[in-house]
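Q: Protein chains in written order, with UniProt numbering: chain L, 1 to 289; chain P, 1 to 289. Ideal Cβ placement from N, Cα and C applies to all residues, glycine included. What follows is a single structure, and I will ask about it in a moment.
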C-alpha cells in the first residue's frame, strides 16, 4: 500500500507471480483504516478466484513495528497505532503478516531481485523521498520501526531528500530556471543535452547520494546497494558517478556494488508476499517442534 | 589483544570477573602469530591456576571474519589470513571463540555495561581511531568483517578520525599552538579554562562526531549509543553538545541516548569471554538436538 496506489500480487511458493491487481489508496479521512481494510479484502478476493491463498502480507509506509503488527504512524495516510495484522486477520480469517513498504522491498530485492546473489544488501529507494533498508540473509533490520529514515539527514546545509530525491531534482531545476519539467528523467535528458543548470542540479544530488553511500558502506559494509525508486531509471548517468565517488572516497576493502533495482514498483508487494510466506513457514515450524 | 597491550579476564557464567592479567602485545615480526599464541597460552595458564576454564575467547583489531575464525588483516599487528580460532584451539585443547575487539566490546557493553537495559546499541570507541559496532539483542553485525570503519568517512574535507579522535584532538591543538599536550583530556582542561584554540579544536571534533551520530541514528535507530575510548571520559563537555546536536538536527522519534561506556578498557576482554560462553552454550545446544 503506497501513498496513492496499492498493488497486490498472488505468488506461489517459488515467488512466481500468478496474478496481480492495483487499486487506489483511500485518501486520509475519519475512516481511513476501514477503507484500507475494505480495499485489502477486495484485492485479496479478486486474486483468490482461482487459487485460495494460505496467508496474506500487507505492507505500508510510515513508522511500522513489525514485531507487534502495528502501523505506529503515517503522516501521509493519517493514522497512528493501528493493529493491522490482527484487524485484517480477523476480516480474512487467515494469517496476515504486516510490515513496512521499504523494508519489504529490501527483502524482495535480496531474495528475488537485484541482490539475490548477495547475503546482505541495502535497498535505497530514491523517489518522492529517500530511505534505506538493510537486509541480511532474509533478516530485516527495523530498529523498532525507526531505522532507515536517511532522507532526513542534514547534508551540506539541507536535508538529504530535499537535494537528492527524484522530486527534489525536478523541483530544484524548476525553481532555478522557471521551466516546468515532467520529473527527474526530464532533468536527466537536459543533462545529456548539456544544460548547465540541469548539470549543476544533477551533480549536487549525486554528490549528496554519494555521501549517503559512504556512510552506509562504512557502517554496514553491505555486499550490494540496490538503488530503487524513480531515480534508479537514470542508468549510467547515476550509477557511474556514484561508483566513481565510492572508488575515490572509500579506499577500504569491500565497497559494495551499486546496482539498479530489478523489481520496480512491485518490490513492496513481492516483499509482502515473502513476509506472508515466512509467517506460514514459521507457524509450520512451531507446530513441528 | 590490542595494538600495544593485551588484557585477559577469567569470568564465571554470570559474567563476574574472577581474575585478570595483562601482557604486552608482541610487536610485528616474522613470527608475530607464534608470539601471540604464546602470550595467549601463558595468560590462560596464569588465569587457570584455581579454576579451569571451559572455553577461551580471543579478540583482535583489524579485519576479522568471525564466521570463519580468521584474522583477515591487521596493518598494526602485521598479519593476514590467520586462522586463530583453530590455531589457539589446537594449542589449548579447548573450544576457542575468535572475534573482533570493537564488536566484542559492543557485545559486552550491551550485555553487561552501559546498554544492558537496551535491546540494541551502537558502541562508538573514540580513541586513537574511531569505529562503530552495532549489536542487537546479543547479535553482532559484522558485514563479513568490514562493518564499522567509520573513522575513514570524509567529513567536511577530512576523514572523521583525523578530526574527531582523541589522538586528533591533541595533535590538532599541538599543531595550531606549538604547545605539547598530554592527550585529549589536557585539551579538554584548556577548553574549560577558556583557551580559544582548544575550544575551536574541541568544537570541530564534536561537530564531526555529531554528524556520525546522526547517520548512525538515521540508518540504525539504536536505543543507545555507547561512546567509549579515551574521549568518553570528557563527561558533560562531550555528551551535552552531542545530545544538543541530535536534538537540533534529528526531529524524528527515537533519537538514541548517548552515554559513556561503563566497562572501560575491559570491554574487549569481557566481550571475548561472552563469545567464549556463547560458543560453549551453542555447542551444548547442538549436542542436544
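Return the residue from the list 1(L), 11(L), 78(L) and 66(L) that minimises the CA-CA distance to residue 40(L).
A: Here residue 40(L) refers to the residue found at position 40 of the first chain. Comparing Cα-Cα distances from residue 40(L) to each of 1(L), 11(L), 78(L) and 66(L), the minimum goes to 1(L).
Q: Can you tell me the Cα-Cα spacing of residue 282(P) and residue 140(P), whole angstroms?
A: Counting from 1 along the second chain, the entry for residue 282(P) is found at position 282. Counting from 1 along the second chain, the entry for residue 140(P) is found at position 140. Going by the C-alpha atoms only, they are around 15 Å apart.
Q: Closer than 8 Å, CB to CB, is residue 254(P) near chain L or not?
A: In the second chain, residue 254(P) corresponds to position 254, counting from 1. With 8 Å as the cut-off, residue 254(P) counts as an interface residue toward chain L.
Q: When the Cα of residue 204(L) is compared with those of 215(L), 187(L) and 97(L), which residue comes out closest?
A: The residue labelled residue 204(L) in the question sits at position 204 within the first chain. Minimum Cα distance to residue 204(L) is reached at 187(L).
Q: Fully enclosed by the stretch 246-274 of chain L, which beta strand (DSSP E) runs are 3 residues long or longer?
A: DSSP runs (the beta strand (DSSP E)) wholly in the stretch 246-274 of chain L: 257-260.
Q: Between residue 72(L) and the rest of its own chain, which residues show a CB-CB distance below 8 Å, the 5 nearest in sequence each way excluded?
A: For the purposes of this step, residue 72(L) is taken as residue 72 along the first chain, with counting starting at 1. So the qualifying residues of the chain are 62, 63, 64, 65, 80, 81 and 145.
Q: Grouping DSSP H, G and I as helix and E and B as strand, with all else coil, what is residue 56(P)?
A: Position 56 of the second chain holds residue 56(P). If DSSP states are grouped into helix, strand and coil, residue 56(P) belongs with the strands.
Q: Is the CB of residue 288(L) under 8 Å away from at least one CB in chain P?
A: Locating residue 288(L) in the first chain gives position 288, where the first residue counts as 1. Residue placement at residue 288(L) is poorly supported in this model, since its pLDDT is 43, which falls under 50; the coordinates still yield a value, given next. For residue 288(L), the answer is no, since every Cβ of chain P falls outside 8 Å of its Cβ.
Q: Beta-carbon separation of residue 164(L) and residue 209(L) under 8 Å?
A: On the first chain, residue 164(L) is found 164 positions in, with the first residue counted as 1. On the first chain, residue 209(L) is found 209 positions in, with the first residue counted as 1. Against a cut-off of 8 Å, the Cβ pair of residue 209(L) and residue 164(L) comes out as a contact.
Q: Mark residue 159(P) as exposed unless 16 or more other C-beta atoms lie within 10 angstroms of its C-beta, in which case mark it buried.
A: As a working mapping, residue 159(P) is identified with position 159 in the second chain. Per the 10 Å Cβ criterion, buried.
Q: Out of 199(L), 58(L) and 20(L), which one is the CA nearest neighbour of residue 279(L)?
A: Numbered from its first residue, the first chain carries residue 279(L) at position 279. Nearest option by C-alpha distance: 58(L).
Q: Quick one, which residues of the stretch 197-225 of chain L are near chain P if we go by CB-CB under 9 Å, in chain order?
A: So the list reads 211, 212, 214, 215, 216, 217, 218, 219, 220, 221, 222 and 223, given in the order they occur along the chain.
Q: Which residues of chain A have a Cβ atom closer than 7 Å to the Cβ of residue 149(L), listed in chain order?
A: Judged by its chain identifiers, the structure shown contains no chain A, and its protein chains are L and P.
Q: From the beta carbon of residue 125(L), is the nearest beta carbon of chain P less than 8 Å away?
A: Residue mapping note: residue 125(L) aligns to position 125 of the first chain, counting from 1. It does not; no Cβ of chain P falls within 8 Å.
Q: Using C-beta distances below 8 Å, list every residue in its chain close to residue 94(L), excluding the 5 sequence neighbours before and after it, in chain order.
A: In the first chain, residue 94(L) corresponds to position 94, counting from 1. Contacts found: 53, 54, 55 and 56.
Q: Can you say whether residue 10(L) is buried or exposed, counting buried as having 16 or more other CB atoms within 10 angstroms of its CB?
A: Here residue 10(L) refers to the residue found at position 10 of the first chain. By the neighbour-count rule (16 or more Cβ atoms within 10 Å), residue 10(L) is buried.
Q: Please state if the CB of residue 263(L) and the CB of residue 112(L) are separated by a distance shorter than 8 Å.
A: The residue labelled residue 112(L) in the question sits at position 112 within the first chain. The residue labelled residue 263(L) in the question sits at position 263 within the first chain. Yes; because the gap between Cβ atoms is below 8 Å, this pair is in contact.
Q: With 8 Å as the limit, tell me which residues of the stretch 153-171 of chain L have their beta carbon closer than that to any beta carbon of chain P; keep them in chain order.
A: Residues passing the 8 Å Cβ filter: 153 and 154.
Q: Using the C-alpha atoms, what's the distance from residue 147(L) back to residue 222(P)?
A: Counted from its first residue, the second chain places residue 222(P) at position 222. Counted from its first residue, the first chain places residue 147(L) at position 147. So the alpha carbons of these two residues sit roughly 8 Å apart.
Q: Please report whether the beta-carbon of residue 277(P) lies at a distance below 8 Å from any beta-carbon of chain L.
A: For the purposes of this step, residue 277(P) is taken as residue 277 along the second chain, with counting starting at 1. No, no contact with chain L.
Q: Identify every residue that forms a DSSP beta bridge with residue 96(L).
A: Here residue 96(L) refers to the residue found at position 96 when the first chain is read from its first residue. DSSP lists 56(L) as partners of residue 96(L).
Q: Tell me whether the stretch 167-179 of chain L and the stretch 164-184 of chain P touch, counting them as touching only if at least three CB pairs, one residue from each stretch, are closer than 8 Å.
A: Touching, no.
Q: Can you tell me the Cα-Cα spacing of residue 14(L) and residue 8(P), whole angstroms?
A: Here residue 14(L) refers to the residue found at position 14 when the first chain is read from its first residue. Here residue 8(P) refers to the residue found at position 8 when the second chain is read from its first residue. Each residue's Cα considered, the two are about 50 Å apart.
Q: Quick one: what does DSSP say residue 107(P) is sitting in, helix, strand or coil?
A: Here the question's residue 107(P) lines up with position 107 in the second chain. Correct three-state label for residue 107(P): helix.
Q: Exposed or buried, residue 284(P), counting other C-beta atoms within 10 Å across all chains shown (16 or more means buried)?
A: Walking along the second chain from the start, residue 284(P) turns up at place 284. By the neighbour-count rule (16 or more Cβ atoms within 10 Å), residue 284(P) is not buried but exposed.
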